[in-house]
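In the working numbering, the protein residues as written are 49 to 439. Taking it in order: structure first as structure tokens, then the write-up.
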Amino acid sequence: MSTNKIPVLDLKPQYQALKNEIQAAINAVLESSQFIMGPEVKRFEEEVAAYLGVKHAIGVNSGTDALVIGLKALGIGEGDEVITTPFSFFATAESISNVGGKPVFVDINPHTYNIDPKAIKEQITSRTKAIMPVHLYGNPAAMGQIMDIAQIHGLKIIEDCAQSFGAKYHGSCSFCQESCQESTRAKISDKLTGTIGNVGAFSFFPSKNLGAYGDGGLIATDDDKIAESARMLRVHGAKKKYRNEILGYNSRLDSLQAAILRVKLKYIDEWNQGRCRVAKTYNDLLADVDGIITPELADGHVFHQYTIRVLDGRRDSVKQYLAEQGIGSMIYYPVPQDKLPVYQGQYSANAVSDMLATEVLSLPIWPELKEADIKQIAGKIKEILTCVNLG
Ligand SMILES: *Cc1c(COP(=O)(O)O)cnc(C)c1O
49 MSTNKIPVLD
59 LKPQYQALKN
69 EIQAAINAVL
79 ESSQFIMGPE
89 VKRFEEEVAA
99 YLGVKHAIGV
109 NSGTDALVIG
119 LKALGIGEGD
129 EVITTPFSFF
139 ATAESISNVG
149 GKPVFVDINP
159 HTYNIDPKAI
169 KEQITSRTKA
179 IMPVHLYGNP
189 AAMGQIMDIA
199 QIHGLKIIED
209 CAQSFGAKYH
219 GSCSFCQESC
229 QESTRAKISD
239 KLTGTIGNVG
249 AFSFFPSKNL
259 GAYGDGGLIA
269 TDDDKIAESA
279 RMLRVHGAKK
289 KYRNEILGYN
299 SRLDSLQAAI
309 LRVKLKYIDE
319 WNQGRCRVAK
329 TYNDLLADVD
339 GIITPELADG
349 HVFHQYTIRV
359 LDGRRDSVKQ
369 YLAEQGIGSM
379 IYYPVPQDKL
389 PVYQGQYSAN
399 AVSDMLATEV
409 LSLPIWPELK
419 EADIKQIAGK
429 IKEILTCVNL
439 G
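The structure is reproduced here in structure tokens:
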């Protein structure tokens, strides 16, 4: 059988399909000479607010900035503790540290890879100010229980939605040990991630589900005060030009990126459905393979990543075998945030997160990924896991 090379991500099919629309949008911005903020950014913000069903959408320079500005707008600063997951990209914890706060890492659920609400409760102190759940790989975190905890303890919630644009919380947390209050679930069921807590922080990094052709990010909130503060913070702390009231940042969304994102926003649901189709195909093809655990096809999951667990210490050999066969794969994340050199020695172990860092393997996924390619990838995984000589 001849095999073709399959990268871990291919953004070309999407561009090819939208080429004319994208180029027209870019040209219109070039002709307008409005490169920073301006009408394209305003329209994009209005369209995202309508899509998400929130009052305010505020474009910023990156997902990282959305987290930093979101935290600042929530009043998080020096000495404040923010409870978050160790199992995420470093921007999550970095944003907390960069505003002077202290990330407090609690362990994750091995089935969802997301923060474990039970573990949150155990780490709340008088200094705890907020919870930052991450909807990792596009899978909504257990927001019902997280909302209940925040309510009881008077905490803010800032959702890291960098990987979850378009993901929906359905309240069907099949792996929850404790359920949330019926009334909470009813209130937030069918809401999109980023619209449940006080602040949602999104990234438009090119590889994300809604990706720009450069950096970009966005803050979503229903709160007028938070929105006003975030709008000031992104332009050097000024409501009016040259009347700077607080220390802020230069963190604006480019007009070019906004124009590109306006084209792409129309297709996001279709693309997310494509990702779910890819995930289901993988799960079907890998169902009878021993030595791996496939992800749950949770309601509302948008599969930013399709990530399996490879057991018995064979993850790295599977990754290498796939590479030899021309198939890309990635480890998100090889080192949990609390174990990174920057925090060396400050944190104690999180058994599940530490274990998953040695087991997770993300396979190629994008909305247009062909079934034949998925078959080829699944076939190679089966091959190495069933052949003793290759193990
Ligand atoms: C990508 C990502 C970020 C950062 O977004 P940028 O736009 O790259 O700054 C933050 N958190 C998570 C979980 C991410 O995956």
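For every residue, glycine included, the Cβ atom is placed at its ideal position computed from N, Cα and C. The model shown is predicted, which means the values in this text are computed figures rather than measured ones.
Could you compute how far the alpha carbon of residue i sits from the alpha carbon of residue j?
i, j, result
"L411", "E95", "32 Å"
"D402", "I267", "30 Å"
"L438", "Y380", "For L438, the pLDDT reaches just 49, beneath the cut-off of 50, and the residue's location in the model is therefore unreliable, although a value from the coordinates is still provided. Roughly 24 Å separates the two Cα atoms."
"V366", "I375", "11 Å"
"I117", "A278", "6 Å"
"D421", "I179", "39 Å"
"R357", "E126", "38 Å"
"S377", "Y354", "10 Å"
"L345", "G214", "15 Å"
"K418", "R325", "10 Å"
"V147", "Y63", "37 Å"
"G264", "V350", "20 Å"
"F386", "Q394", "As written in the sequence, residue 386 is Asp, which differs from the Phe given in the question. Distance between the alpha carbons of D386 and Q394 is about 8 Å."
"S136", "I432", "28 Å"
"C228", "I163", "15 Å"
"K423", "Y330", "8 Å"
Are the Cβ atoms of residue i and residue j separated by less than 8 Å?
i, j, result
"V89", "S299", "no"
"P134", "N398", "yes"
"G262", "V283", "no"
"H159", "D347", "no"
"F92", "R310", "yes"
"L115", "G242", "no"
"G123", "H352", "no"
"R323", "I413", "yes"
"K273", "L240", "no"
"I236", "M191", "yes"
"I206", "Q171", "no"
"A167", "D155", "yes"
"F54", "D302", "Checking the sequence shown, residue 54 turns out to be Ile, not Phe. Contact flag unset, no."
Out of the options, state which residue places its alpha-carbon closest to the alpha-carbon of residue i.
i, options, result
"L78", "Y395, I308, E416", "I308"
"D270", "G285, L258, G192, N246", "N246"
"F252", "S174, K239, S110", "S110"
"I200", "G259, T173, L370", "T173"
"Q20", "D128, P151, A141, L304", "The shown model of the chain, from 49 to 439, leaves out residue 20, and the question about it has no answer."
"Q71", "K312, K428, P382, L334", "K312"
"D196", "E419, E207, D336, E230", "E230"
"P165", "A198, D58, A97", "A198"
"A249", "K387, H104, P55", "H104"
"D338", "K67, I429, S255, P254", "I429"
"Y315", "E416, Q392, A139", "E416"
"Y369", "V390, P384, V400, T434", "T434"
"D208", "A275, G202, I244, A260", "I244"
"Q211", "G202, P188, S227, Q193", "P188"
"P151", "M280, T176, G427, D336", "T176"
"K256", "M280, S80, G285, L184", "L184"
"L388", "D128, A405, N68", "A405"
Mind checking who residue i pairs with in its DSSP beta bridge?
i, result
"H104", "T269"
"L240", "K216"
"I84", "D302"
"E207", "G248"
"L411", "Y354"
"A286", "N292"
"I429", "Answer is none; I429 lacks a bridge partner."
"I452", "An answer regarding residue 452 cannot be provided, because it is not within the stretch 49 to 439 covered by the chain."
Of all the beta strand (DSSP E) runs that stay within the bounds of the segment 124 to 202, which reach a length of 3 or more residues?
-> 129 to 132, 150 to 153, 176 to 180
Unbroken alpha helix (DSSP H) runs of length 4 or more, entirely within the segment 322 to 409: which are they?
-> 363 to 372, 399 to 404
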